[in-house]
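Asker: Please see the structure below; I have some questions.
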Amino acid sequence: MDKANPFNMPEIITLIGRFLPLWKYSCRLGFYHFNPKTLLRCTRVNRTWRDALAPVIWYVYNGYVMRSVPNEIITKNSHYFRVFFYDRCFSGPFQSGYLKELVISWWDGALLPLVEANASSLQSLGWKGSTSPSPMRSTTLPNLDYDLFMRMAPTLEELQLSHWTLSGRDFVDFLASCKRLNSLCLAAIEWVESSSTDPQSSPSSSLSTSLSSPQSWIDPRYHCQANQGLVDLRLDVSVSKEGAFVDLIRSCPNLENFSLYSESAEDARTLIPVLRDYCPRLTRIEYVIRFSSVLNGHDYLTDTEYSGLVLCSRRIQSLKIDIPQLGYIMTKALILQSTTLVSLNLRFLGRQDMPMHDAENICQILKHCIHLRHFSLFFSPNSLGKEETLRLFEQPWGCVELETLELTDVTMAMDHGGGDGGEGLAGSNVDHQGSTQQTYHWSLASAAPRPTPVDSSMGNENIGGVRYRSMAKQKLFEQVHKLPKLAKLSLNHVTYSVDGFSDSSS
46 MDKANPFNMP
56 EIITLIGRFL
66 PLWKYSCRLG
76 FYHFNPKTLL
86 RCTRVNRTWR
96 DALAPVIWYV
106 YNGYVMRSVP
116 NEIITKNSHY
126 FRVFFYDRCF
136 SGPFQSGYLK
146 ELVISWWDGA
156 LLPLVEANAS
166 SLQSLGWKGS
176 TSPSPMRSTT
186 LPNLDYDLFM
196 RMAPTLEELQ
206 LSHWTLSGRD
216 FVDFLASCKR
226 LNSLCLAAIE
236 WVESSSTDPQ
246 SSPSSSLSTS
256 LSSPQSWIDP
266 RYHCQANQGL
276 VDLRLDVSVS
286 KEGAFVDLIR
296 SCPNLENFSL
306 YSESAEDART
316 LIPVLRDYCP
326 RLTRIEYVIR
336 FSSVLNGHDY
346 LTDTEYSGLV
356 LCSRRIQSLK
366 IDIPQLGYIM
376 TKALILQSTT
386 LVSLNLRFLG
396 RQDMPMHDAE
406 NICQILKHCI
416 HLRHFSLFFS
426 PNSLGKEETL
436 RLFEQPWGCV
446 ELETLELTDV
456 TMAMDHGGGD
466 GGEGLAGSNV
476 DHQGSTQQTY
486 HWSLASAAPR
496 PTPVDSSMGN
506 ENIGGVRYRS
516 MAKQKLFEQV
526 HKLPKLAKLS
536 LNHVTYSVDG
546 FSDSSS
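Right, dumping it as structure tokens:
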């Protein structure tokens, strides 16, 4: 019995095809474009090769990248599509019926048959409902077709919606039907609470909903159905609305990751107590403050409210937050979470003309949060003075297990070093007791064929025969030397990675 040729087996041919180039980067255009020349040549070997490689070639459809392909070719091969990115280049007709991922960045009514035909197979959906160029406040957003979305519920795992009007409780009930949904992102959403139109609502209940307390928006008569699988939630709020998204948060008892992008601090004030009471498994929080054109600035929480955000999680592991300054109460809250906190990203958005006085509180974090692996500080340009910067590096750090350290817009002013001896000597690494420590070498994290090594002498410069040194940079690298696990350092937008270690005698 003759053995079958492995190169005539469709499974082997498909595996080979996945390693052949399908996209080609254009240096002139600055992005990839569709260029399956090698694969197309392989389809001419025989019919077996053609049938096996056609699904590989047409697995992903990207309207913009594939805009040069004739429309009739797109339609003819559209039944092979499994991933679909639409952006107005071609609206069909399409014969796709088994899409796994669909992203609609510009809605066209001609796509509705495509959405309906693939509703029962979609695993990931990104859909922008309105394409009006007008500001959201002056635009009427379309309503979601819940009958269509209920058909997606059995298979949907990831959902991203933007520029839609959502009826709060109807949407929560839909989420409860999505047994496999684990990630949800909502942006520019008009959230409509059905309770406001409840005919059984009494005047007293209407009065209670006007109170500022977030708990007043929780109706005890409504049993919120839970989505047990949703662990990742991102809210990008364009127009603040009191009480919005409360029922959504209540329906996520297993939520682990929460991100809030907002112009108004009221959104955070509303959701913080709900997160604390209904999301016991929350471990990662991201709070980004957008610039408010109404205020011509940023709308911040108070120090006490920021501490409430930190403590709304029982075991916070990762925190990324925008703040005007690091207050005493928030610092204490971070220290209380030090047993579980491994990643901390603080972005200071204070005005440039305001002096920063946060060094002492930052030092407390570096001292007590001993389990930190990733630490990032971002300051407004020129807001952190030289003396404040020095204070960050003078005290010993307790977080000796740091793996990445990012410091952005910190002052590294050069000082006159004077003479040729003592601390001004370049190339030496001597501690305060006079003993020589191990030399640590760093290299720029770039694609250069010969990375420039940066060692402990990088804080010293010789300009015009006069020796200058940056005391802040010298102190920083003394701290870096005590971090054995540090693999990446970013200092004022320049990134270094560990190149190796060698003895000072070498």
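46 is the number of the first residue of the sequence shown in the numbering used here; add one for each residue after it.
All C-beta atoms, glycine included, are put in the ideal place defined by N, C-alpha and C.
1. Can you give me the C-alpha to C-alpha distance between Glu311 and Glu287, rounded to a whole angstrom?
2. Looking at the secondary structure, which residues open and close the alpha helix (DSSP H) in which Gly213 lies?
3. When you compare each of Gly62, Cys444, Arg321 to Lys82 by their alpha carbons, which one comes out closest?
4. Given a cut-off of 9 Å, decide if Leu354 and Tyr332 are closer than it, judged by their beta-carbon atoms.
5. Using C-beta distances below 7 Å, list every residue in its chain close to Ser166, excluding the 5 sequence neighbours before and after it, in chain order.
6. By DSSP, does Cys230 sit in helix, in strand, or in coil?
7. Could you tell me which of Leu65, Asp192, Trp152, Ser363 sits nearest to Leu379, measuring between CA atoms?
8. Count the other CB atoms within 10 Å of the CB of Lys121; is the residue buried (16 or more) or exposed (fewer)?
9. Beta-carbon separation of Asn107 and Phe79 under 9 Å?
10. If I measure Cβ to Cβ from Phe438 and keep anything under 8 Å in the same chain, skipping five residues before and after, which residues do I get?
11. Assuming Leu186 and Glu235 make a contact with CB atoms under 8 Å, what is their CB distance in whole Å?
12. For Ile118, count neighbouring Cβ atoms within 10 angstroms of its own Cβ and tell me buried if that reaches 16, exposed if not.
13. Output the boundary residues of the alpha helix (DSSP H) element that contains Leu316.
14. In this structure, how does DSSP classify Trp94 when only helix, strand and coil are distinguished?
15. Starting from the Cα of Tyr306, find the closest Cα among Leu320, Pro298, Ile330, Arg225 and give me that residue.
16. Tell me Glu556's beta-bridge partners as DSSP assigns them.
17. In the structure shown, what three-state DSSP assignment does Val455 receive?
18. Among Thr315, Ser296, Asp281, Pro298, which has the Cα closest to the Cα of Ser304?
19. Spatial neighbours of Arg326 within its chain, please: CB distance less than 7 Å, with the 5 preceding and 5 following residues excluded, ordered by chain position.
20. To the nearest whole angstrom, what separates the beta carbons of Leu394 and Phe420, a pair I think is in contact under 8 Å?
21. When you compare only the Cα positions, how much space is there between Ala221 and Val319?
22. Taking the beta strand (DSSP E) that Val525 falls in, what are its first and last residues?
23. Based on Cα-Cα distance, which residue from Ser383, His124, Arg214 lies nearest to Arg359?
24. Grab me the residues of Gly274's own chain with a C-beta within less than 8 Å of its C-beta, minus the 5 sequence neighbours each way, in chain order.
25. When burial is assigned at 16 or more other CB atoms within 10 Å of the CB, is Gly154 buried or exposed?
26. Skipping 5 residues on each side, what residues in its chain have a beta carbon closer than 7 Å to that of Tyr191?
27. Within 10 Å of its beta-carbon, does Tyr131 have 16 or more other beta-carbons around it, so buried, or fewer, so exposed?
28. For Asp277, does the three-state DSSP call read helix, strand or coil?
29. Where does Ala49 land, buried or exposed, given buried means 16+ other C-beta within 10 angstroms?
30. Go ahead and label Gly75 buried or exposed: buried means 16 or more other beta carbons lie within 10 angstroms of its beta carbon, across all protein chains shown.
31. I need the DSSP call for Asn116, collapsed to helix, strand or coil.
32. Go to Asn390, then tell me how far its beta strand (DSSP E) extends in each direction, as first and last residue.
Answerer: In this structure, then:
1. Glu287 has its alpha-carbon roughly 8 Å from the corresponding atom of Glu311.
2. 213 to 222
3. Gly62
4. yes
5. Tyr143, Leu144, Lys145, Thr200
6. strand
7. Nearest option by C-alpha distance: Ser363.
8. Result: exposed.
9. yes
10. Ala517, Lys520, Leu521, Glu523, Gln524
11. 5 Å
12. When all chains shown are included, Ile118 counts as exposed.
13. Where Leu316 is concerned, the enclosing alpha helix (DSSP H) stretches over 310 to 323.
14. helix
15. Ile330
16. Any answer about residue 556 is impossible in this case: the structure gives the chain only from 46 up to 551.
17. coil
18. Asp281
19. Only Asn299, Leu300, Glu301 meet the Cβ criterion.
20. That pair is no contact at about 18 Å.
21. 18 Å
22. Per DSSP, Val525 lies in no beta strand (DSSP E); the unbroken alpha helix (DSSP H) holding it starts and ends at 516 to 525.
23. The candidate whose alpha carbon is nearest that of Arg359 is Ser383.
24. Closer than 8 Å at Cβ, skipping near neighbours: Cys223, Lys224, Arg225, Leu226, Asn227, Asn299.
25. exposed
26. The beta carbon of Tyr191 is closer than 7 Å to those of Asp215, Phe219 in its chain, skipping five residues each way along the sequence.
27. When all chains shown are included, Tyr131 counts as buried.
28. Here Asp277 sits in strand by DSSP.
29. exposed
30. That one is exposed.
31. Of the three classes helix, strand and coil, the one that applies to Asn116 here is helix, per DSSP.
32. 388 to 393
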